[in-house]
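Participant: Please find one structure pasted underneath; my questions will follow.
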Amino acid sequence: MALELPESPNVRREYALQRSWQLKQKVNPYLESSKSILYGFALAEEYKARRTAILNYFGAGLQEWNDWRWQMRNRIRNVATLTALLPMTAGQREEIAETGRTYRWAVSPYYLSLMDRANPEDPVRMQGLPSSKELRDESGEADPMGEAFTSPAPCITRRYPDRLIINVTNVCAMYCRHCQRRRNIGETDRHETRARLRDALDYVKENPEIRDVLVTGGDALLLSDQTLDWLLSELHAIPHVEIKRLGTRVPVTMPMRVTDELCAILAKYPPIYINTQFNHPKEVTEEAKMAADKLIRAGVVLGNQAVLLKGINNQPDVMKKLNQELLKIRIRPYYIFHAKNVRGTRHFIPSVQDGLQVMEGLRGYTSGLAVPTYIINAPGGGGKTPILPQYLLSLDDQEAVIRTWEGKVIHYPNH
Ligand SMILES: *Cc1c(COP(=O)(O)O)cnc(C)c1O
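Start counting at 1 in the sequence shown, then tack on 126, and there's your number in the numbering used here.
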């Protein structure tokens, strides 16, 4: 059914102007509400001031700050240090100390510099600092995805026909409070041994259908340059491995890890795809942009896998702002994961309705490039399952009844 369009050019222009006015009305509420969404580029001065305060505490300078080894050595992991850097009530201190006895925590000085000093509900703080809610959650499972049952060889998780994961470390620059693999975080930092990584490589070599290898952890970029160079060169030499992927949160939690030396290594083994995990526009900073720029210059393709987290990003406007900020630094939103039912993370788990509302608020309202796929991971290793608002209302041999992003219902012929 064709639209009845007016004939005369003037009337057509008038029609387009009216439509433009309508579209403006659709974006205005967002433009208004997004004024109250905090984002990294607008906070640059504040972040810098906090960086100075943290450096003063450690008696260090910018050169140390920009050295990722310094950041790792000085991860904040006890209440005494934290108290010196972030004003906290006695109750908050006790909460962190008590929770920390059950679940390890650590925050890089960089990530700490993104935290609001006054607001305990700050999205960066919520991701980085323990809450007693973690202890009160007894409903979640340690391993809801059944990773322990999908490992055919050391370090490997295989759940799909043509690709697999190699878990290389349990180390992270910051232990996310919503971590899906917190069972692996344990109490000590531990990289996998070369012997076990060799076993994993042998499995890949022996299975020629594996064309895509995802190296993750923990944080893949917390391996040393030397180990990464070795592992990537080994993967690069396997003829059937078409692409290599790295899972890392360092662009978010410790962007200074992305050094020229690291980039020179990555540049040797194309094609490399890196997926990271920005969850809030506050995390998209000048430093994150510099890291993204360097990786892109090394030929790496960047994507983002956000986790939908209650109180952090489960509102359509926040997720829209996040994805738009990411596109500005050339990181393409790839997935939004529904938070999994991991023990100790109950307070972060949103409803599926929240996820659908977020998706509904993206499609059509903003660039298609800013619209990732919303995924529920089926428990027990069932796999990533895409979830979409209903755009196909019915389908038979005669017609598809579809709903547009604005909610117009259209009968689309199917014969
Ligand atoms: C997520 C995941 C992958 C990669 O999935 P894509 O949809 O291709 O990004 C591969 N293996 C396992 C075990 C995974 O969990």
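For glycine and all other residues, C-beta sits at the position ideal for the given N, C-alpha and C.
What number of angstroms, rounded off, separates the C-alpha of residue 239 from the C-alpha of residue 378?
Facilitator: Whole-angstrom Cα-Cα distance: 12 Å.
Participant: Quick check: is any heavy atom of ligand 1 less than 8 Å from the C-beta of residue 289?
Facilitator: For ligand 1, at least one heavy atom lies less than 8 Å from the Cβ of residue 289.
Participant: Quick check on the DSSP output: what are the complete beta strand (DSSP E) runs of length 3 or more inside the region 379–455, in order along the chain?
Facilitator: Taking only runs of at least 3 residues, the beta strand (DSSP E) segments lying wholly in the region 379–455 are 398–402 and 427–434.
Participant: Quick one: is residue 127 buried, meaning 16 or more other Cβ sit within 10 Å of its Cβ, or exposed?
Facilitator: For residue 127, the pLDDT reaches just 47, beneath the cut-off of 50, and the residue's location in the model is therefore unreliable, leaving the point undetermined.
Participant: Look up residue 311 in the DSSP assignment and say whether it is helix, strand or coil.
Facilitator: Three-state result, residue 311: helix.
Participant: Spatial neighbours of residue 335 within its chain, please: CB distance less than 7 Å, with the 5 preceding and 5 following residues excluded, ordered by chain position.
Facilitator: Within the same chain, residue 335 has close Cβ partners 287 and 288.
Participant: By the three-class DSSP mapping on this structure, what secondary structure does residue 278 have?
Facilitator: Of the three classes helix, strand and coil, the one that applies to residue 278 here is coil, per DSSP.
Participant: With respect to 8 Å, is the separation between the Cβ of residue 510 and the closest non-hydrogen atom of ligand 1 below this value?
Facilitator: Yes, ligand 1 has a heavy atom inside 8 Å of this Cβ.
Participant: Helix, strand or coil for residue 265? Go by DSSP, reduced to three states.
Facilitator: Correct three-state label for residue 265: coil.
Participant: What residue range is occupied by the uninterrupted beta strand (DSSP E) comprising residue 331?
Facilitator: Taken as a continuous stretch (DSSP letters only), residue 331 belongs to no beta strand (DSSP E), being part of the alpha helix (DSSP H) at 320–332.
Participant: If you check the beta carbons only, do residue 408 and residue 157 fall under 9 Å apart?
Facilitator: Taking 9 Å as the Cβ cut-off, residue 408 and residue 157 do not qualify as a contacting pair.
Participant: Roughly how many angstroms separate the alpha carbons of residue 211 and residue 179, rounded to a whole number?
Facilitator: One C-alpha to the other measures close to 8 Å.
Participant: With DSSP run on the structure shown, which of helix, strand or coil describes residue 345?
Facilitator: Three-state result, residue 345: coil.
Participant: Say yes only if the C-beta of residue 283 is nearer than 8 Å to one or more non-hydrogen atoms of ligand 1, and no if none qualify.
Facilitator: At least one heavy atom of ligand 1 is nearer than 8 Å to the Cβ of residue 283, so yes.
Participant: Taking 8 Å as the cut-off, is the C-beta of residue 500 nearer than that to any heavy atom in ligand 1?
Facilitator: Outside the cutoff, so no.
Participant: In the DSSP output, which residue or residues are listed as bridge partners for residue 203?
Facilitator: In DSSP, residue 203 forms no bridge with anything.
Participant: For ligand 1, I want to know if residue 443 counts as a neighbour, meaning its beta carbon is within less than 8 Å of at least one of the ligand's heavy atoms.
Facilitator: No, ligand 1 has no heavy atom inside 8 Å of this Cβ.
Participant: What residues in its chain sit with their C-beta under 6 Å from that of residue 520, if we drop five residues either side in the sequence?
Facilitator: Excluding sequence neighbours, residue 520 sits near 527.
Participant: So what does DSSP say about residue 270, is it helix, strand or coil?
Facilitator: Coil.
Participant: Jot down the residue ranges of each uninterrupted alpha helix (DSSP H) in the region 140–196, minimum 4 residues, whole runs only, in chain order.
Facilitator: With a minimum length of 4 residues, the continuous alpha helix (DSSP H) runs that stay inside the region 140–196 are 170–184 and 188–191.
Participant: With a threshold of 8 Å on Cβ separation, who are the neighbours of residue 237 within its own chain once the five nearest residues in sequence on each side are excluded?
Facilitator: Answer for residue 237: 250, 254, 299, 300, 378, 379 and 380, listed in chain order.
Participant: Nearest to residue 230 by CA position, among 214, 208, 204 and 252, is which residue?
Facilitator: Residue 230 has its Cα closest to that of 204, out of 214, 208, 204 and 252.
Participant: Tell me the rounded alpha-carbon separation between residue 390 and residue 192.
Facilitator: Whole-angstrom Cα-Cα distance: 18 Å.
Participant: Evaluate contact between the region 194–209 and the region 142–157, counting only Cβ atoms and requiring at least three cross-stretch pairs below 8 Å.
Facilitator: Because the criterion of three Cβ pairs below 8 Å is not met, the region 194–209 and the region 142–157 do not touch.
Participant: Among the candidates 276, 492 and 494, whose CA atom is the shortest distance from the CA of residue 505?
Facilitator: Selected option, being the one with the closest Cα: 276.
Participant: If you measure from the CB of residue 354, is any heavy atom of ligand 1 nearer than 8 Å?
Facilitator: No, the Cβ of residue 354 stays beyond 8 Å of every heavy atom of ligand 1.
Participant: Excluding sequence positions up to five away, which residues of its chain have a Cβ less than 6 Å from the Cβ of residue 461?
Facilitator: Around residue 461: 431, 498, 499 and 501.
Participant: Answer with buried or exposed for residue 145, where buried requires no fewer than 16 other C-beta atoms within 10 angstroms of its C-beta.
Facilitator: Burial call: exposed.
Participant: Can you confirm whether residue 248, when its beta carbon is compared against all beta carbons of chain D, has any partner nearer than 9 Å?
Facilitator: No chain D appears in this structure, which consists of one protein chain only.
Participant: If you draw a straight line from the C-alpha of residue 524 to the C-alpha of residue 511, how long is it?
Facilitator: Distance between the alpha carbons of residue 524 and residue 511 is about 29 Å.
Participant: Taking 8 Å as the cut-off, is the C-beta of residue 402 nearer than that to any heavy atom in ligand 1?
Facilitator: No - ligand 1 has no heavy atom lying nearer than 8 Å to the Cβ of residue 402.
Participant: Name the residue from 507, 358, 235 and 246 whose alpha carbon lies nearest to the alpha carbon of residue 294.
Facilitator: Of the listed residues, the one whose Cα sits closest to residue 294 is 358.
Participant: CB of residue 340 to nearest heavy atom of ligand 1: below 8 Å?
Facilitator: Yes, since a heavy atom of ligand 1 falls inside the 8 Å radius drawn around the Cβ of residue 340.
Participant: What residue range is occupied by the uninterrupted alpha helix (DSSP H) comprising residue 291?
Facilitator: Here residue 291 belongs to no alpha helix (DSSP H); instead the beta strand (DSSP E) covers 289–293.
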